[in-house]
Amino acid sequence: MILPVIMAGGSGSRLWPLSRTLYPKQFLSLTSNKTMLQETVGRLDKLKHTAPLFICNEEHRFIVAEQLRQKSMEHGGIILEPKGRNTAPAIALAALYAVKHGEDPMLLVLAADHVIQNEDAFINSVNSAIAHAELGKLVTFGIVPSSPETGYGYIKKGKTLDNTAAKVEKFVEKPNLKRAKEYVASDDYLWNSGMFLFKASRYLEELAEHRPDILSACQRAMDGARSDLEFIRIGETEFESCPDDSIDYAVMEKTSQAVVVPMDASWSDVGSWSALWEVNAKDAKGNALRGDVLLEDTEDSLIYSQHKLVAAVGVENLVIVETKDAVLVADKERVQDVKGIVSQLKKAKRTEHLQHREVYRPWGSHDAIADGERFHVKRVTVKPGEKTATQIHYNRAEHWIVVSGTAKVKNGDKEYLIGENQSTFIPIGVAHSIENPGKVSLDLIEVRSGAYLGEDDVVRVEGYGIGY
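Just so we're aligned: 246 in numbering that gives the first Met the number 0 is position 247 of the sequence shown, and the numbers increase by one with no gaps anywhere.
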């Protein structure tokens, strides 16, 4: 049986300002009304498999869980990495977890942030790879190149095994344009997709041979694993001691058992805004549009509006992206340089690279409306039946005004209800929480006032607080 292993990590820099460190591209809806994570799970429907296993960063755990819940998608667990250590250790955790539970499934390793437009071709390639994985081979999927792309690594095909696969002769780093043209012209090279299929036990055997240090650290981390709701928490200290390495370097380039199955499925890792323009539907003048957009004499551009009307006049070959707290305007040929803007934001200690103005939590969300020297205003939404943490602030007081719904408030040793157009005051140093006992969302305005308004001014008594 196939166990999909979906890796949902990422730094969120290449598609800024839409993607952020705490909300990278796999959680965004870029080509449909589903997020990339949801698309990845959805395309498995035609494949016989068990519930997918997810691997993600500690910071992203609630987003993964919530997006799966939104589409009623089952999962077999969400493994939390306390710190990113690249793909070789991440896949080792999944393999160890599968074997530990008495099974030796074939792991179908997928990234949560890829676009695959021809899903039938994807399924056909996976089904073709099963026979090779059952024989103990480590299968990687090579994308049939559509152009001399310099942003991808390549796989050179070796001896043909059958009409569906070949031995891997070698892996090649990202080439320059001249070399990429030679690769595509030769018909011997495929793009390296970063997708794999192999038995869990076989991966662990190869890792033991080529990188026993990685395997040992992951074994110690998994020995200390514990369940926390739907999350699997591994040993933090043990995993942080694990070397950082990719599966390509650690195993695939060293093993003699690597096999490549070609895949011609209109695949993209959407590594830039220009790549997103390429995979999206376009109007008669080559414009890919999302949101509230008006155009006049505009061509070959990608325009993405989240909240405001965006109008473009007399421009071409641009990327224009609007979010609540940032606007990007870039030449479509220069979008790789967006990372320079992200670097400037980090250097200036700004927060626009880190997260969006609206922040999602397991109980709801909060959206910054206005900031001043001694006040912050947020719109807070609490989902029906959910509750924030009980917490204490020592440098700020808070005023809460209910806009819609009913709030059950804990304020010190008092508990009471407040409804629409009612308000309450939380003094400095008083334990407090908000609960939504109703059947509809609770919306309220939170006004913070005080000498220090940072999110780290919080002592949590229990649960997950607004600032968490």
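Here a beta-carbon is modelled for each residue, glycine too, at the ideal position from N, C-alpha and C.
| Query | Result |
| --- | --- |
| For W190, the first and last residue of its enclosing alpha helix (DSSP H) | Looking at the DSSP string, W190 is not in any alpha helix (DSSP H); the run it does join, the beta strand (DSSP E), is 188-198. |
| Contact under 8 Å by Cβ, Q66 with F26 | yes |
| F238 versus E295: straight-line alpha-carbon distance, rounded | 54 Å |
| Sub-8 Å separation of L443 and V376 beta-carbons | no |
| Three-way DSSP call (helix, strand, coil) for S12 in this model | coil |
| Of the listed residues E445, D455, G404, nearest to G437 (C-alpha basis) | G404 |
| Continuous alpha helix (DSSP H) stretch holding F61: start and end | 60-69 |
| Opposing strand residues paired with H352 [DSSP bridges] | H352 pairs with nothing; no bridge assigned. |
| As assigned by DSSP and simplified to three states, the class of D161 | coil |
| Assigned secondary structure, V498 (DSSP; H/G/I helix, E/B strand, else coil) | Missing from the structure shown is residue 498; the chain here goes from 0 to 467 and no further. |
| Distance CB(K82)-CB(M221) smaller than 8 Å | no |
| DSSP-derived helix/strand/coil call for C217 | helix |
| Where G466 sits in the DSSP three-state scheme | Because G466 sits at a pLDDT of 44, beneath the cut-off of 50, its placement in the model cannot be relied upon, and the following sentence gives the value as read from the coordinates. It is coil, neither helix nor strand. |
| Contact the segment 110-118 vs the segment 29-39: 3+ CB pairs below 8 Å | yes |
| Range of the contiguous alpha helix (DSSP H) that encloses T86 | 86-99 |
| Extent of the continuous beta strand (DSSP E) run through Y415 | 413-417 |
| Beta-carbon proximity check, R447 vs Q390, cutoff 8 Å | no |
| 8 Å Cβ shell around H286 - same chain, five flanking residues per side excluded | First, the residue type needs correcting, since residue 286 is Asn and not His in the sequence shown. Cβ neighbours of N286 beyond the five flanking positions: L294, T297, E298, D299, S300, L301, I302. |
| Backbone CA spacing between Y463 and E118 [nearest angstrom] | Only weak support exists for where Y463 lies, its pLDDT of 47 falling under 50; the coordinates are left without a value. |
| Residue environment, L228, which counts as buried when at least 16 other CB atoms sit within 10 Å | exposed |
| Presumed contact (8 Å Cβ cut-off) between A199 and P261, rounded CB distance | About 24 Å separates the two Cβ atoms, so there is no contact after all. |
| Segment contact flag, the segment 424-431 with the segment 382-399, C-beta cutoff 8 Å, min 3 pairs | yes |
| Y415 classed as buried or exposed, judged by whether at least 16 other C-beta atoms fall within 10 angstroms | exposed |
| Whether A396 touches L441 by CB criterion (8 Å) | no |
| Sequence-distant residues of the same chain with beta carbon closer than 7 Å to R356, five excluded per side | K323, D324, D366, A367 |
| Ranges of the beta strand (DSSP E) found wholly within the segment 352-385, counting only runs of at least 3 | 357-360, 363-370, 374-381 |
| Proximity of I5 and L46 at Cβ, strictly below 8 Å | no |
| CA nearest to the CA of W468, picked from V379, A329, I122 | The shown model of the chain, from 0 to 467, leaves out residue 468, and the question about it has no answer. |
| Nearest neighbour of N126, chosen from L43, F230, G150 [CA to CA] | L43 |
| Whole runs of the beta strand (DSSP E) within the segment 251-287, excluding any shorter than 3 residues | 257-262 |
| The segment 193-209 touching the segment 133-151, judged by at least three CB pairs closer than 8 Å | yes |
| C-alpha gap between V337 and E148, whole angstroms | 19 Å |
| Pairwise C-alpha distance: N191 and L176 | 16 Å |
| Exposed unless 16 or more other CB atoms sit within 10 angstroms - verdict on H131 | buried |
| W15 versus S28 - alpha carbon distance | 14 Å |
| DSSP beta-bridge partners of H48 | I1 |
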